[in-house]
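For the sequence shown, the positions run 1 to 333 when full-length UniProt numbering is used. Even for Gly, the Cβ is constructed at its ideal location relative to N, Cα and C. In what follows, a single structure is set out as structure tokens and then discussed.
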Amino acid sequence: MIRSLDLRSAMLSLLILVAGLFIWHATTHVPDTGPVGVVLSADQEQALLAKNMGAEDIAYYASQGVEFPQLDQIAGLGLSREMIDMAGGIRALGISVPDENSAPAPGSLFPSPAQIGVELWATITDPFYVAGTNDMGYGIQIGYSLLRVIIGYTLAAAVAIPLGFLIGMSPLAYRALDPYIQVLKPISPLAWMPIALFTIGDSELSSIFVIFICSVWPMLTNTAFGVASVRSDWINVARTHELGSLKTAITVILPAAAPTIITGMRISIGIAWLVIVAAEMLVGGTGIGYVVWNEWNGLRLDRMIVAILLIGVMGMLLDTLFARLQRAVSYTE
């Protein structure tokens, strides 16, 4: 039954992907209809013929979208089409062609799935190249982002989990610290960035601080809730065996509260990965968030979309890692 459900869900996911790619292709596909031709009046054709411009040349340039004023300039040169082509074309002679006839169609600037696939393959096959300060492989850029997340997240866990234990085990600590938690928790992590940049003065450390501040609250509140929810009779048994507070916390409370603590850690890592992308857009330099902003500034939409896809894949991998950890520490009473 479970295998059948897995197979059906996989097929449905594949169907949704194919449908999404088809809609994407249909909305970005621009058929190659060639240049928009220009219709000349009889008087205009006669004026060009009077300047010894060949009828075939007139028809050719008009079919390519060249307007009469530019045709008149070409006729005034007294050059055949072959000579103009040898010279490098119309533009090489200083004659501009109106942009209206070559303007991109709506949607044609947005990359198609095929373009994204080509760029994604190029990214996957060479993720660690370094061609300059602003031109590095996405593997390196994701590494920078992950390093910031790991440092800030680890510091947050080192503070939030012990403090959560204290709050969960002590009603006094809970009542004393709860007002501060409720005030600070709803503040957007990015609101701390200007303060961090001003006080710390380093964009790298400021990004780590923002990861720290956004990761603390889910771990802190979930740890406190998990510890406070441990059954009192288990704690009473530990007291009966004359276990100290530290040993009780490690041998009784921690295993019982572990699933809730890991849930908080799982929520925190997702928030941290979201925030680091936005923080890197603000401070610049390196990281996958900076890549998205830099590619947008260069209007390289295909590379930007590939970076966005990689952000999603990395977020999914991080969540899967903590989901496995959560299942590993779960237990049945």
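| Check | Outcome |
| --- | --- |
| Reduced DSSP secondary structure (H/G/I, E/B, other) of residue 66 | coil |
| For residue 131, the first and last residue of its enclosing beta strand (DSSP E) | 130-132 |
| Proximity below 9 Å, CB of residue 164 to CB of residue 221 | yes |
| Spatial distance of residue 161 from residue 314 (CA atoms) | 25 Å |
| DSSP beta-bridge partners of residue 136 | 130 |
| Other residues of its chain near residue 76: CB distance less than 7 Å, five sequence neighbours each side excluded | 51 |
| Buried or exposed by the 16-neighbour rule on C-beta atoms within 10 Å, applied to residue 99 | Confidence in residue 99 is poor, its pLDDT being 49 and thus under 50, which makes the residue's placement too unreliable to answer from. |
| Assigned exposure category for residue 207 - 16 Cβ within 10 Å defines buried | buried |
| Continuous alpha helix (DSSP H) stretch holding residue 121: start and end | 113-125 |
| Cα-Cα separation between residue 91 and residue 85, rounded to whole angstroms | 10 Å |
| Residue 191, buried or exposed, once every other Cβ within 10 Å from all chains shown has been counted against 16 | exposed |
| Through-space distance from residue 62 to residue 319, alpha-carbon basis | 60 Å |
| Local conformation of residue 219 per DSSP, three classes | helix |
| Given 8 Å, three or more beta-carbon pairs between the stretch 288-300 and the stretch 260-267 | no |
| Residue 41 to residue 87 span [Cα, whole Å] | 29 Å |
| Residue 252, enclosing alpha helix (DSSP H) - first and last residue | Per DSSP, residue 252 belongs to no alpha helix (DSSP H) and is neither H nor E. |
| Helix, strand or coil at residue 211 according to DSSP, with G and I counted as helix | helix |
| Inter-residue spacing [alpha-carbon to alpha-carbon] between residue 18 and residue 5 | 20 Å |
| contact_flag[the stretch 201-215, the stretch 134-141] where n(CB pairs < 8 Å) is 3 or more | no |
| DSSP-derived helix/strand/coil call for residue 289 | helix |
| Where residue 330 sits in the DSSP three-state scheme | coil |
| Residue 120 versus residue 78: straight-line alpha-carbon distance, rounded | 50 Å |
| Distance between beta carbons of residue 111 and residue 301, contact taken as under 8 Å | 5 Å |
| Beta-carbon contacts of residue 216 that lie in its chain and below 7 Å, excluding the five residues immediately before and after | 156, 159, 160 |
| Anticipated Cβ contact below 8 Å, residue 257 with residue 226, distance rounded | 3 Å |
| C-alpha gap between residue 21 and residue 279, whole angstroms | 31 Å |
| For residue 288 and residue 311, believed in contact at Cβ under 8 Å, the rounded distance | 6 Å |
| Spatial distance of residue 169 from residue 145 (CA atoms) | 35 Å |
| Range of the contiguous alpha helix (DSSP H) that encloses residue 171 | 171-184 |
| Length of the line joining the Cα atoms of residue 341 and residue 184 | What the structure shows of the chain is the stretch from 1 to 333, and residue 341 is not part of that stretch, so it cannot be assessed. |
| Spatial distance of residue 26 from residue 123 (CA atoms) | 25 Å |
| Proximity below 9 Å, CB of residue 218 to CB of residue 329 | no |
| Option nearest residue 316 by Cα separation, candidates 253, 130, 272 | 272 |
| Assigned exposure category for residue 277 - 16 Cβ within 10 Å defines buried | buried |
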